[in-house]
Amino acid sequence: MNSSTSLNQRRSLPEVVGATGFASLALESIQRAPKAGDASEMLEILSAASQIFGAEMAVFVSFIRDDESRESFRFLVAGNPAWCIAYQQNGWYANDAWLLYAATNSEPVSDAAIPLRTKWQREARVIATQHGAVSAYVVPAPASGGLSRLGLLILGSAQPHYFDSPASATIKVFARSLAMEIHEWWVRQIRKDIIASNRITDDDLQLLTMEKRGLRTKQIADELNISPASVDSRFQRLNAKFNRPNRKATANLAVEYGLIEPCGPLN
Amino acid sequence: MKQRDLAGHRMVTSHDGVVTFVLRRAKAGVHVERRQENSEGSQAHVASVQALFETGERFAQFVDMDSMRFSYPLTYEHLKRHFDELIDES
């Protein structure tokens, strides 16, 4: 296949990161990520990167909590996607030890460093092993601003303790950059999809930003030079598009999906 | 069960909208997205899995793992047909 494949024929992590050209290949894959045209291309990048890192598989998970009643998980799988089906069918989701780790930590670690506290978490680990991730490197990609959304890159190896090596310090730098690039790319894709599928206009985004800034109907009406009734009517239309009960929930959702900035109220 | 051919995409959805597959040809095989929405009481989970399949064998393994095929046999039948057509074209 390509030069990246030749880097990882069951070699140890120190051998992989010490190979000539490792850093430039890793950097190249990271630089390709923001330019991916679609998910297929990103999957190719993810697959190539996992090979460069000496891993047999890679999964990028994006988690977004729309509100208290709805959570979304998106998996990009370079490897065996049956893993994610098993995961989903068991309903582990937010009880998963690696996701919980990523929700509160930004440090990439070997999965051996993450305690498995519940029966579900231990079962999820067994399923990961059965699908090729005998050992794994867990790379959080957190969002700023206290948002619920987070990304998580998982590199899986068929070799036990593959990532339990001082050489993981090198992988850490590159894997963290890759995770952040994929996460940002994905948020942009989701934003684009939502805007296109719901026909959200710039005026809609402006309205939601004003709601997020804490402006009241009359203030918005004055600023946009339209009637308060028009403001209410436009919010009702937006609430329906986003399937949310009120404008506050709609604006919060817009922030979670990166449609508008999480700006605070005006002083 | 609904099917739609979008620009370059094939979409298959179960009659109740719980499971949706979107397929399209990619440079290295067929790109498949599987979306599923589950509700438990007031909680809803929406999960999407996207992967590239270079061979029909790998895709068959993926489908065999999916217990939803028993609930929606017709959906999965159409899914397999669409996949076979796309992988033959790629």
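Which chain is which? The protein sequence lines are E and X, in order. Position 23 of the first sequence, counted from 1, bears residue number 23 in my numbering, the numbering being contiguous throughout. So the number in my numbering is just where the residue sits in the second sequence, counting from 1, plus 1000. Positions of the beta carbon are idealized from the N, C-alpha and C atoms, including for glycine.
Assigned secondary structure, residue i (DSSP; H/G/I helix, E/B strand, else coil)
| i | result |
| --- | --- |
| residue 199/E | coil |
| residue 66/E | strand |
| residue 1026/X | strand |
| residue 1056/X | helix |
| residue 1011/X | strand |
| residue 155/E | strand |
| residue 134/E | coil |
| residue 53/E | coil |
| residue 269/E | Residue 269/E is absent from the structure shown; chain E starts at 1 and stops at 267. |
| residue 34/E | helix |
| residue 173/E | helix |
| residue 163/E | coil |
| residue 1046/X | strand |
| residue 126/E | helix |
| residue 1035/X | strand |
| residue 1040/X | strand |
| residue 1018/X | coil |
| residue 294/E | Because chain E is modelled from 1 through 267, residue 294/E falls outside the range shown and cannot be assessed. |
| residue 181/E | helix |
| residue 74/E | strand |
Beta carbon proximity, residue i to chain E, threshold 7 Å
| i | result |
| --- | --- |
| residue 1052/X | yes |
| residue 1065/X | yes |
| residue 1071/X | no |
| residue 999/X | No statement about residue 999/X is possible, as the shown extent of chain X runs from 1001 to 1090 and does not include it. |
| residue 1046/X | yes |
| residue 1009/X | no |
| residue 1021/X | no |
| residue 1083/X | no |
| residue 1031/X | yes |
| residue 1060/X | no |
| residue 1012/X | no |
| residue 1049/X | yes |
| residue 1080/X | no |
Element boundaries [beta strand (DSSP E), containing residue i]
| i | result |
| --- | --- |
| residue 16/E | From DSSP, residue 16/E is part of no beta strand (DSSP E) but of the alpha helix (DSSP H) over 13-18. |
| residue 257/E | Note, residue 257/E: premise wrong, no beta strand (DSSP E); not H, not E. |
Residue-chain proximity (residue i, chain X), Cβ-Cβ < 7 Å
| i | result |
| --- | --- |
| residue 3/E | For residue 3/E, the pLDDT reaches just 43, beneath the cut-off of 50, and the residue's location in the model is therefore unreliable, leaving the point undetermined. |
| residue 45/E | no |
| residue 40/E | yes |
| residue 211/E | no |
| residue 256/E | no |
| residue 206/E | no |
| residue 196/E | no |
| residue 59/E | no |
| residue 81/E | yes |
| residue 77/E | yes |
| residue 189/E | no |
| residue 182/E | no |
| residue 85/E | yes |
| residue 121/E | no |
| residue 88/E | yes |
| residue 73/E | yes |
| residue 69/E | yes |
Chain A contact for residue i (CB, 7 Å cutoff)
| i | result |
| --- | --- |
| residue 113/E | The displayed structure is made up of protein chains E and X, and chain A is not among them. |
Residue i, enclosing alpha helix (DSSP H) - first and last residue
| i | result |
| --- | --- |
| residue 228/E | 228-242 |
| residue 1082/X | 1073-1089 |
| residue 113/E | Note, residue 113/E: premise wrong, no alpha helix (DSSP H); not H, not E. |
| residue 87/E | 82-89 |
| residue 224/E | 217-224 |
| residue 143/E | Careful: residue 143/E lies outside any alpha helix (DSSP H) and carries neither H nor E. |
Notebook entry, point to check: If you pair each beta-carbon of the stretch 99-117 of chain E with each one of the stretch 1068-1086 of chain X, do three or more pairs fall below 8 Å?
Noted result: Contact between the stretch 99-117 of chain E and the stretch 1068-1086 of chain X is absent: fewer than three C-beta pairs spanning the two stretches fall below 8 Å.
Check: Within the chosen definition, does the stretch 160-168 of chain E reach the stretch 19-26 of chain E through at least 3 CB pairs nearer than 8 Å?
Finding: no
Checklist line | Touch test, the stretch 24-32 of chain E against the stretch 115-130 of chain E, Cβ-Cβ under 8 Å, three pairs minimum | finding: With the cut-off at 8 Å, the stretch 24-32 of chain E and the stretch 115-130 of chain E do not touch.
Notebook entry, point to check: Okay, do the stretch 1032-1043 of chain X and the stretch 46-64 of chain E touch, 3+ Cβ pairs below 8 Å being the bar?
Noted result: no
Next item on the list: Answer yes if the stretch 216-224 of chain E comes into contact with the stretch 1005-1025 of chain X, meaning at least three C-beta pairs across the two stretches below 8 Å, and no otherwise.
Entry: no
Item checked: the stretch 1021-1033 of chain X contacting the stretch 40-51 of chain E, beta-carbon criterion three pairs below 8 Å -> yes
Notebook entry, point to check: Is there contact between the stretch 236-254 of chain E and the stretch 172-188 of chain E, where contact requires at least three CB pairs shorter than 8 Å?
Noted result: no
Item checked: Segment contact flag, the stretch 150-161 of chain E with the stretch 128-142 of chain E, C-beta cutoff 8 Å, min 3 pairs -> The stretch 150-161 of chain E and the stretch 128-142 of chain E touch, with no fewer than 3 CB-CB distances between them shorter than 8 Å.
Notebook entry, point to check: How about the stretch 47-56 of chain E and the stretch 187-198 of chain E: do they share at least three Cβ pairs that are nearer than 8 Å?
Noted result: No, the stretch 47-56 of chain E does not touch the stretch 187-198 of chain E.
Notebook entry, point to check: Is there contact between the stretch 169-179 of chain E and the stretch 30-40 of chain E, where contact requires at least three CB pairs shorter than 8 Å?
Noted result: yes
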